[in-house]
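Colleague: Per the working numbering, the sequence shown starts with residue 916, numbered consecutively. Just so you know, even glycine gets a beta-carbon here, dropped at the ideal spot from N, CA and C. Predicted model only: the values in this text are computed from it and were never measured. Supplied in structure tokens, the structure appears directly below.
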Amino acid sequence: MLDKVREIVRKIDPNAEIQISRNKKFTKIRVKSNRYCDRAKIWISLYELFKDHEGIIIEVE
């Protein structure tokens, strides 16, 4: 999962920071990007990847 997330984010913004934390109930994916327009692209791409999975929280800052 981490490799797929990293591949998608790096394709859009190579300088973005990626954090993935896991809890018993959910997995939280946090991406920090300095490029404002790319934040929406990153969120949409990750949403499309995980839309059928429950317990995934996506944060793009």
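(1) Can you have a look at residue 931 and say buried or exposed, based on whether 16 or more other CB atoms are within 10 angstroms of its CB?
(2) Cα separation between residue 975 and residue 963?
(3) Quickly, what does DSSP pair residue 936 with across the bridge? List them, please.
(4) Can residue 933 and residue 960 be called in contact, C-beta distance under 8 Å?
(5) For the ligand MG, I want to know if residue 917 counts as a neighbour, meaning its beta carbon is within less than 7 Å of at least one of the ligand's heavy atoms.
Modeller: Judging by the given coordinates:
(1) Position 16 of the sequence shown, counted from the start, is the residue given in the question as residue 931. Answer is buried; the Cβ neighbour count reaches 16.
(2) Numbered from 1 along the sequence shown, position 60 holds the residue referred to as residue 975. Numbered from 1 along the sequence shown, position 48 holds the residue referred to as residue 963. When rounded, the separation of the alpha-carbon atoms in residue 975 and residue 963 is 14 Å.
(3) What you label residue 936 is simply residue 21 of the sequence shown in a count that begins at 1. According to the DSSP secondary-structure assignment, residue 936 is paired through a beta bridge with 943.
(4) Residue mapping note: residue 933 aligns to position 18 of the sequence shown, counting from 1. Residue mapping note: residue 960 aligns to position 45 of the sequence shown, counting from 1. Cβ atoms of residue 933 and residue 960: not closer than 8 Å.
(5) What this structure holds is no ligand at all, so the ligand MG is not there to describe.
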